[in-house]
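The working numbering puts the first residue of the sequence shown at -13, with every later residue one more than the last.
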Amino acid sequence: MAKLRVGMIGGGGPGSFFGMVHNRAISLDASRELVAGALRTDPAAALAAAAAWGIEGYGDWQSMLAAVQSGKLCLDYVTIVTPNHAHYAPARAFLAAGIPVLCEKPMTMTVEEAEDMVAAAAPGNVPFVLAHTYTGHPMMMFAKELVRTGQIGEVRKIESWYNQGWLASDLEASGQQQAAWRTDPQRTGISNCGGDIGTHAFIAATWVSGLGVARVSARLNSFVPGRVLDDDFNVIAEMSNGATALIHATQIAIGYKNDNGFRIFGTKGSLEWHQERAEKLLVRRGEVDEVYWIGAGFSYIPASVKPYLRVPAGHHEDFFPALANLHQTMEFTLRRRRGDGTAPTPFDHPGLAEGVAGMRFVRAAVESSKARGAWTEL
Ligand SMILES: NC(=O)c1ccc[n+]([C@@H]2O[C@H](COP(=O)([O-])OP(=O)(O)OC[C@H]3O[C@@H](n4cnc5c(N)ncnc54)[C@H](O)[C@@H]3O)[C@@H](O)[C@H]2O)c1
């Protein structure tokens, strides 16, 4: 079985964060390899970054796309790990050329760009995966299956959150790379905290529950003096079935690292999951609490989740495997499209529809907050 050949846009060079995480996730299963990349904005730096990883380098994504189209380079899909403002143009171009894309979140800068990406992918039904990494955690996938199969009944209320403290002070003034672009409206969009991590909380509330958000009332704050965009993001949402969701995120919670998670309360039971203890899912059905641990051999892991587990219980599967699971979903999709009957059914991970919904959610929250919390339709 030939390894899938992957190209990367962004994510390379000294000081960059998530490109290396994708690099490891791509190679984790020995069935995919990173072969080419346009890894930085500056062409010379992009070539140097590719040389450092031992892959074929391109000065920009346009020349990498041209190489694919002329037959000089063979790629099965590309992954996009640039700041938010540089997702749309390459994603749209590769989708329009029929090349599958695994793109970082938030999907785009605007709702219009997100909708245009849907249009670009539609003619060839080109595969697209949105990199909400945490949805690759098997116990988050298990939670989605428990809701889908009615184990907790009708969803009445949801809490989802993402608390961080790294932007509690003016870190961007130091020029720190990740802080600088996330707080810059030109590179991040209309919301910093909401777009960056509020969308993770949004996905936890919607993707796990299978519900949409109908309308929101929001309060966004910018606590650090001089900061233009929000560093604190609070939403009360009316869900598509009438349930209520509290969806919130913050970057000013000093001491909090990646406190992402959710609680879902149904008519028959409740679910609780914490990203920082991702191997465990809590299910409450009444007097006795049930704790489910990750483990490839455990009988309670649904068949839809089993292909995404790698090691027996008691060993750790965490952040890198979670992102690798999104690459697995892309891989299973491509192998099945090519007629490989041995490839497992891909899990229903976030894609274009969830990306558009996330952009509409952020836009509605920003508008609602400007209108002092007025209820705003998505
Ligand atoms: N899913 C997650 O859990 C998660 C975690 C971290 C970051 N992210 C996402 O990953 C993306 C990157 O974030 P980061 O923290 O790694 O940022 P970063 O600043 O560390 O890295 C961005 C990289 O993109 C390169 N780049 C910028 N514009 C480019 C262009 N036009 N062409 C080629 N390269 C370009 C930069 O040179 C840099 O190497 C963001 O969209 C962010 O939201 C997701």
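Note that CB positions come from ideal geometry on N, CA and C, so glycine has one too.
Simplified DSSP assignment, three categories, for residue i
| i | result |
| --- | --- |
| K(-11) | coil |
| V112 | coil |
| W193 | helix |
| D275 | strand |
| H71 | helix |
| M95 | coil |
| V104 | helix |
| Y294 | helix |
| W47 | helix |
| H260 | strand |
| H234 | strand |
| N311 | helix |
| E317 | helix |
| N9 | helix |
| E303 | coil |
Distance between residue j and residue i (C-alpha atoms, nearest Å)
| i | j | result |
| --- | --- | --- |
| E224 | I144 | 10 angstroms |
| R270 | N70 | 38 angstroms |
| A117 | K254 | 31 angstroms |
| R323 | V112 | 11 angstroms |
| V202 | R346 | 11 angstroms |
| D46 | W167 | 19 angstroms |
| F188 | G180 | 9 angstroms |
| V210 | G300 | 42 angstroms |
| G283 | D102 | 43 angstroms |
| A329 | R321 | 6 angstroms |
| F80 | A105 | 13 angstroms |
| E131 | R173 | 36 angstroms |
| A357 | T331 | 45 angstroms |
| P288 | F128 | 7 angstroms |
| D216 | E317 | 36 angstroms |
| S56 | Q48 | 12 angstroms |
| A35 | L14 | 21 angstroms |
| G84 | A77 | 11 angstroms |
| P29 | G(-1) | 12 angstroms |
| N244 | L364 | 27 angstroms |
| Y3 | A351 | The question names Tyr, yet the displayed sequence has Phe at residue 3. If I take the Cα positions, the gap works out to 28 angstroms. |
| E158 | P298 | 43 angstroms |
| Q314 | E303 | 15 angstroms |
Beta-carbon contacts of residue i that lie in its chain and below 7 angstroms, excluding the five residues immediately before and after
| i | result |
| --- | --- |
| H8 | M(-6), G(-3), T65, V67 and L309 |
| M95 | N70, H71, Y74 and G175 |
| R205 | N220, S355 and G359 |
| K292 | none |
One or two residues paired with residue i in a DSSP bridge
| i | result |
| --- | --- |
| S203 | I222 |
| A16 | Bridge partners of A16: none, in fact. |
| G252 | V141 |
| K243 | Bridge partners of K243: none, in fact. |
| C89 | I66 and L116 |
| T185 | Paired residue(s): none; T185 is not in a bridge. |
| I(-5) | A24 and I66 |
| V342 | DSSP, once it has assigned bridges, lists no residue as partnering V342. |
| V269 | L257 and E276 |
| T169 | DSSP, once it has assigned bridges, lists no residue as partnering T169. |
| S146 | I233 and F248 |
| T362 | V202 |
| E158 | Answer is none; E158 lacks a bridge partner. |
Residue i vs residue j beta-carbon contact at 7 angstroms
| i | j | result |
| --- | --- | --- |
| S235 | I280 | First, the amino acid is wrong: residue 235 is Ala here, not Ser. Not in contact: A235 and I280 (Cβ atoms no closer than 7 angstroms). |
| E140 | G252 | yes |
| S285 | F333 | no |
| M366 | W39 | In the structure as shown, the chain begins at -13 and stops at 364. Residue 366 is therefore absent and cannot be evaluated. |
| L295 | Y278 | no |
| A32 | L25 | yes |
| V221 | I233 | yes |
| L312 | G161 | no |
| P124 | G344 | no |
| E19 | K58 | no |
| F248 | A11 | no |
| G198 | S226 | yes |
| I238 | D218 | yes |
| A200 | R142 | no |
| V342 | A52 | no |
| V97 | R349 | yes |
Beta-carbon proximity list for residue i, same chain, < 6 angstroms, skipping 5 on both sides
| i | result |
| --- | --- |
| L61 | R(-9), G(-7) and V54 |
| A360 | S354 |
| Q137 | none |
| Y44 | A24 and M50 |
| F114 | V87, A107, G337 and L338 |
| I240 | G151 and A154 |
| Q163 | G1 |
Within-7 angstroms CB hit, residue i to chain D
| i | result |
| --- | --- |
| E276 | The question asks about chain D, but that chain is absent: this structure has only one protein chain. |
Residue i beta carbon near ligand 3 (any heavy atom closer than 6 angstroms)
| i | result |
| --- | --- |
| Q163 | Ligand 3 is absent from the structure shown, which contains only ligand 1. |
Close-in-space but distant-in-sequence residues of the same chain around residue i (CB under 8 angstroms, 5 per side omitted)
| i | result |
| --- | --- |
| Y120 | M126, H186, I189, A190, N246, Q261, A264 and A308 |
| V133 | V141, V194, S195, G196, I250, G252 and L257 |
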